[in-house]
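Take a look at the structure:
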């Protein structure tokens, strides 16, 4: 009864009022006036409003079908038999969307438009078959009957060929497929037909677009549409482009830029409203014509309808070896097979050699990149003319760079001499400098001395010799690695054999080497360059240096370890090579994002030998109102930030170096990613394709900005990349296609289901998010070098510290506190509150843990607090837990996994170690707790693969980007008006950026607190100074500091620092911090290590020594400072954090590139906001 008295939504009258005009009497007391009948006049109006309200939501996905005309052939859906039967339209019915139909049984019936489809089987006879083409067949026969389609196509072509019919061109008009194939199946036979794609001779057949279109059914439709609407639709443009492309293929026309221009002109003549740039927009042959032509070529090759032009070439050559045939298969364009064969057996005349050598450059580049012996494949490189040929290739890679060494040498010699006299301390090198002023020394000898003495300025890198201990080469070793001197030519081969034997014992290769010959250094007469058992003779020492440098770059070789820095100096100073990331890419270890395979592929694909700068794009939503207030979610914003991963560690974490690129409302994302981020992608695409022009030292430089990766949390990445936002979906992972049921127990990455570029597009066109996990196309695919399938970035902050750590620590603590009762929550909280934290961890102390936290599997900790708690947990309760407890082993594996994720660099050994640790941890967790793995556990499984592709995980985490949200909240909290918060925040950020760039200093200084001058000479009388270059006399009056802040790390007195020497850890306590001659040193006391406790993951140590015994330089320290912790058994322990690693400090030029880039891109930020505002009306 109460239900009948309840008002209906949108009508506000109950069913009883609608039926009887009054409410019903119930047990609830009610006024007698309400029980009197009453007439409601507005019921019909409110019912109509309710229907319109429902219609509004229904119409979001509903659309009107195209009307049918009388006598149209249709197929009618029979609900009883679940089949489509042929019929014909008689006339429209008076009812909406209904038609009178005569079916195949000659009965007249009425059917709704949704049960009718227009039939394609209209009057198919001999005349129609003459006009039927490949595209018409593809539209007529669906992909589900692919075999029927191919067989019919082969038979149709055979029939046309036998009867002399010319094959017209096809169109791409998209229509629904007719389920009836009776007329087609009558044509099926097994006659094989294969068309050959001729390599192209003279184009005797000329294109007549109007006649071509009139000869095709779809062409006639396109002409009719243009005459009706005075413009071409997208389908019509595709039809015209496909007609022309198939005309070129059918008539074996070799397509050049001239053919594209001719076709584009004819389109403009026949369809005046069309723009030629749509079909051909540049000399690079881009546009719809080229797109359709290459697409059809690829499609027909895959289906076997045409043969590759390269296969046809090979048939004409019967007398070549199998290796030569394989080589010929890769030749393209002007690199003819005849040129390669000619160069194998001829070395003269020079002009012809140079011409053919230039035409085969592309194949040589492929051979060098592959596993090919370049000197066996190209025997001419063993001849005297090879020096000139190498110079030609170098000039092709770096145009106008091959003579810079000779042009700059004289100026360099004048500038370097005073630097040598001031900075070189080696006695032998000083003696060589005296020879420069001697009149008996020839010019080549002076050049030799100036070059090899560069090794005295640059300290050689440490070299690892297999399993032996690493060592630092001496200056003499570095000089001999750069250029070796022998007194007679007969000793050259002896030196080569000796050097080979030495390097083979170290598992190293013999790199190109300069050999100079002369009875003494005063009189050098002959100069050679040795590589791969070939000895090139050069006219002068500088020519030998130039040839060696060109060999390194033409053959893509690594510089020798001993003299690497000298060759890098030649690369930057003399040759001014533009690619500043080349040194990074040559590293054997994965140290940053440029060491990953994704970045290397981008550079090799398009940006080789260009100055490029990588950047990251981060997207996330944040709330500017009180999240617990009534306006929560109303003003939620979505921000896109840009960061530069190659900045040094001191600058990359500063909020001023995280730049805002775009702002939009979170609610507007439902209108599509393209409308929100499309304008930003256009700007980023322009920066990648055209770069920015800047001036350095009065010289113009063009810098290209390349998108390395999209970063963010899992929800943000899935959103911006177009994947499903639900992590309970069947295929939620953006990295692989594993099913969610498989992920719950997966401990190792399944490489067979990793997403690839081909799979991505196939799944995108499939348009089924439940089967593919892809909801829409990633808008950043518009950037040429970016592919969504390669963007497999992850975030260790959200995956580990805000994900699996909460889940697992709650399980572990529950087990220890309630199941095994090793300790209580009060004991844990007391120890946590009274623990001896290092000063850097004071701000990361977390609140007490409650029973409610453990039951909810969510500790009340931020990511930094969780990191601090996990790091110190073994010291907090370690002695209360038995040594071989399996649950404690799971905790130690989690800590080990976390430490491995923070490594600054990786090689295959560390990656395999990480993979095994992840596997062991996940298996132990499944075994101990009998719980399914969470989605964040699954993302951790992909970490080794992510590192191989995108570099160390520490470069991808987004803790600092999330801190950037705080700036917007501070700006907007001071603004009372929330009418257009996007524009308000953008203007505030612009002013902040302008102030930052205005006050930007190009030179960084160490931030230290000055102290007083002391005489410390008596305190360090036992110090051994042999390990460092230090003058003990400077300690008599030295500046002492209480603290120093270097590279975002603060050092204070009594801090404990660690040194890693050949895998052995040494610990020291800082007693004094001194500033001497522009460098800072730590006067320390050694800390004796008793043992390493694997149960506590800490060093058990003794008290520091009473006297200062070691002086350390800051760059020797590998770990953040820590402190000594006194355990409850009175022993002392030290637990080290993750190591610093080696950070890349970019040169001043690269920093100028950043500044110029920022000034350019931020000038467009407001334009981006205006575009979004106009398109979304926000």
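In the working numbering, the protein residues as written are 2 to 1179. No residue lacks a Cβ here, since even glycine has one placed at the ideal position from N, Cα and C.
Extent of the continuous alpha helix (DSSP H) run through residue i
i, result
"residue 873", "864-878"
"residue 952", "Run containing residue 952: none; DSSP gives neither H nor E here."
"residue 598", "598-603"
"residue 1128", "Unbroken run through residue 1128: none, as it is neither H nor E."
"residue 261", "258-271"
"residue 891", "887-902"
"residue 1085", "No alpha helix (DSSP H) contains residue 1085, which is instead part of the beta strand (DSSP E) from 1080-1088."
"residue 398", "387-398"
"residue 764", "758-767"
Unbroken beta strand (DSSP E) run spanning residue i, endpoints
i, result
"residue 722", "Segment: none, residue 722 is in no beta strand (DSSP E) and carries neither H nor E."
"residue 85", "84-93"
Whole-angstrom distance between residue j and residue i, CA atom to CA atom
i, j, result
"residue 659", "residue 639", "15 Å"
"residue 215", "residue 693", "48 Å"
"residue 1007", "residue 630", "In this prediction, residue 1007 scores a pLDDT of 43, lower than 50, which makes its location untrustworthy; no coordinate-derived value is stated."
"residue 1181", "residue 443", "One cannot answer for residue 1181 here, as it falls past the ends of the chain, which runs 2 to 1179."
"residue 50", "residue 10", "11 Å"
"residue 337", "residue 394", "Note that residue 337 has pLDDT 47, beneath the 50 cutoff, so the model's placement of it is unreliable and no number is given."
"residue 227", "residue 98", "28 Å"
"residue 457", "residue 563", "12 Å"
"residue 7", "residue 624", "38 Å"
"residue 893", "residue 669", "45 Å"
"residue 763", "residue 67", "29 Å"
"residue 683", "residue 676", "12 Å"
"residue 1184", "residue 18", "With the chain represented from 2 up to 1179, any question about residue 1184 goes unanswered, as that position is not in the structure."
"residue 858", "residue 753", "33 Å"
"residue 557", "residue 549", "12 Å"
"residue 889", "residue 757", "39 Å"
"residue 361", "residue 400", "17 Å"
"residue 343", "residue 223", "52 Å"
Beta-carbon spacing of residue i, residue j below 7 Å
i, j, result
"residue 793", "residue 947", "yes"
"residue 842", "residue 806", "no"
"residue 340", "residue 367", "no"
"residue 1110", "residue 1087", "yes"
"residue 673", "residue 951", "no"
"residue 554", "residue 517", "no"
"residue 613", "residue 695", "no"
"residue 723", "residue 686", "no"
"residue 90", "residue 118", "no"
"residue 1101", "residue 1085", "no"
"residue 725", "residue 774", "yes"
"residue 972", "residue 986", "yes"
"residue 1114", "residue 1082", "yes"
"residue 535", "residue 383", "yes"
"residue 786", "residue 601", "no"
The ligand COA heavy atom lying under 6 Å from the CB of residue i
i, result
"residue 736", "As presented, the structure is devoid of all ligands, the ligand COA included, so that no description of it is given."
Nearest-angstrom Cβ-Cβ length linking residue i and residue j, presumed shorter than 8 Å
i, j, result
"residue 1126", "residue 876", "6 Å"
"residue 959", "residue 714", "7 Å"
"residue 755", "residue 737", "5 Å"
"residue 294", "residue 349", "Not quite, the Cβ-Cβ distance comes to about 41 Å (not below 8 Å), so this is no contact."
"residue 1107", "residue 1136", "That belief does not hold up - the Cβ atoms of residue 1107 and residue 1136 are roughly 24 Å apart, past 8 Å."
"residue 158", "residue 142", "Going by Cβ atoms, the distance from residue 158 to residue 142 rounds to 15 Å, so no, they are not a contact pair."
### Query
How do the segment 349-365 and the segment 379-395 stand: do at least 3 beta-carbon pairs fall below 8 Å, yes or no?
In the pairwise beta carbon analysis, the segment 349-365 is classified as touching the segment 379-395: at least three pairs are separated by under 8 Å.
#### Entry: Cβ pair count under 8 Å reaching 3, the segment 227-238 against the segment 247-259
no
### Query
Hey, is the segment 539-547 in contact with the segment 428-448, meaning 3+ C-beta pairs nearer than 8 Å?
yes
### Query
Can at least three beta-carbon pairs, one atom from the segment 416-430 and one from the segment 530-540, be found at a separation below 8 Å?
no
### Query
Do the segment 815-826 and the segment 739-753 make contact, defined as three or more Cβ pairs closer than 8 Å?
no
### Query
Within the chosen definition, does the segment 881-888 reach the segment 813-820 through at least 3 CB pairs nearer than 8 Å?
Touching, per the Cβ criterion.
### Task
Evaluate the contact criterion for the segment 106-118 versus the segment 129-137: three or more CB pairs, one atom per stretch, below 8 Å.
Counting Cβ pairs under 8 Å, fewer than three are found: no touch.
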